[in-house]
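Trainee: Chains as they are written, first to last, in the working numbering: chain A, 2 to 125; chain B, 2 to 125.
Please see the structure below; I have some questions.
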DNA sequence: ACAACACATGAACATTCATTCATATGAGTT
DNA sequence: AACTCATATGAATGAATGTTCATGTGTTGT
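Here you go:
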């Protein structure tokens, strides 16, 4: 009889069961990690990073952003929706024009940490 | 005659040229933003987030991680390569076994910022 | 030398997702 | 009311990417 624990997924024997148990107990919940990955997924696209990076400097309307990045208004609008759903940007309507700005003061901090890591890489 | 600036990409007239110019001057270089997006792309996957989150607690070998996450050794190995290429984890070989650990003390900070944002969302 | 094991890796497949295209909405203008 | 302009959005297309499967590499033990 084989152990019934991971019959299908893992093809290797457990080496350090105690470590695994300990880590599992200390890790954040799956749901939290899921949400975290979803958040970083939003940051993990060049267009969206550029948009966020631009909005750090000033609020802008959709057309401004499209011109800034030399991209279609439609493409920008789609990405703004993603950023809005992730609560990273917000829109302020003024007549026909919608002015977008950062909805989160953490964006800067997250950027900063990211840049720190990248720059540290350059030492090698 | 039409303006020659953005003939193809953007279908809307520039609204705030001054703002756009100003923002463009202050924004980080495209290359830096590219690298930043690439970094966050690595964080933007559930499996990799789980791996990193586990390695925050303790170094582990590939099989340990596979058991921890109930996934194939192959899948874990592939993702470890991605994490290694991004200089987020490093491997220490001891006989047949390779022990992986975090290669970057910023990982914790980035996690923290991410969680802060997620938790702040819950207020709505 | 041979077998067993931990890990790495290339190709194939499936899914996710960013952009494009066409069109809709909604506000201002005449 | 008709028209223009800024923005939003649904469907389709194409590219990027995560997992699986099969196999390769390197180390340990007999």
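Backbone N, C-alpha and C fix where the C-beta goes; we use that ideal spot for every residue, glycine too.
Small disclaimer: the values here were computed from a predicted structure and weren't measured.
Using DSSP's beta-bridge definition, name the partner residues of residue 103(B).
Mentor: In DSSP, residue 103(B) forms a bridge with 90(B).
Trainee: Closest Cβ-Cβ distance between residue 34(B) and chain A: below 9 Å?
Mentor: Yes, its Cβ sits closer than 9 Å to a Cβ of chain A.
Trainee: If you follow the alpha helix (DSSP H) that residue 47(A) is in, where does it begin and where does it stop?
Mentor: Looking at the DSSP string, the run of the alpha helix (DSSP H) that includes residue 47(A) is 47–58.
Trainee: With a threshold of 16 other CB atoms inside 10 Å of the CB of residue 18(A), please say whether the residue is buried or exposed.
Mentor: Exposed is the call here.
Trainee: Taking a cut of 7 Å between CB atoms, which residues from the region 46–62 of chain A lie near chain B?
Mentor: Those would be 46, 47, 50, 51, 54, 55, 58, 59, 61, 62, in chain order.
Trainee: If you reduce the DSSP assignment to three classes, tell me which class residue 8(A) lands in.
Mentor: Bear in mind that a pLDDT of 36 at residue 8(A), under 50, signals an unreliable position, so the model cannot answer this.
Trainee: Between the beta-carbon of residue 39(A) and the beta-carbon of residue 45(B), is there less than 9 Å?
Mentor: It is a contact, given that the beta carbons lie within the stated cut-off.
Trainee: Rank 37(A), 25(A), 24(A) by C-alpha distance to the C-alpha of residue 121(B) and give the top, closest one.
Mentor: Residue 121(B) has its Cα closest to that of 37(A), out of 37(A), 25(A), 24(A).
Trainee: Return the chain-ordered list of same chain residues with a C-beta closer than 6 Å to the C-beta of residue 48(B), the five sequence neighbours on each side being excluded.
Mentor: Answer for residue 48(B): 80, listed in chain order.
Trainee: Using 9 Å as the limit for Cβ to Cβ distance, is residue 115(B) near chain A?
Mentor: So yes, residue 115(B) belongs to the interface.
Trainee: Going by other Cβ atoms of all chains shown within 10 Å of its Cβ, with 16 needed for buried, is residue 26(A) buried or exposed?
Mentor: Label assigned to residue 26(A): exposed.
Trainee: Look at the alpha carbon of residue 61(B) and the alpha carbon of residue 33(A), and state the distance between them as a whole number of angstroms.
Mentor: Their Cα atoms are separated by approximately 22 Å.
Trainee: Within 10 Å of its beta-carbon, does residue 106(A) have 16 or more other beta-carbons around it, so buried, or fewer, so exposed?
Mentor: That one is exposed.
Trainee: Can you find a C-beta in chain A that's less than 9 Å from the C-beta of residue 4(B)?
Mentor: Caution applies to residue 4(B), whose pLDDT of 36 falls short of 50 and renders its modelled position unreliable; the model cannot decide the point.
Trainee: Smallest Cα separation from residue 101(B): which of 28(B), 50(B), 63(B), 54(B)?
Mentor: Residue 63(B) is the option with its Cα nearest to residue 101(B).
Trainee: Between 89(A), 95(A), 20(A), 93(A), which lies nearest to residue 57(A) when the distance is taken from Cα to Cα?
Mentor: Of the listed residues, the one whose Cα sits closest to residue 57(A) is 89(A).
Trainee: Helix, strand or coil: which one does DSSP assign to residue 16(A)?
Mentor: Residue 16(A) falls in the coil class under three-state DSSP.
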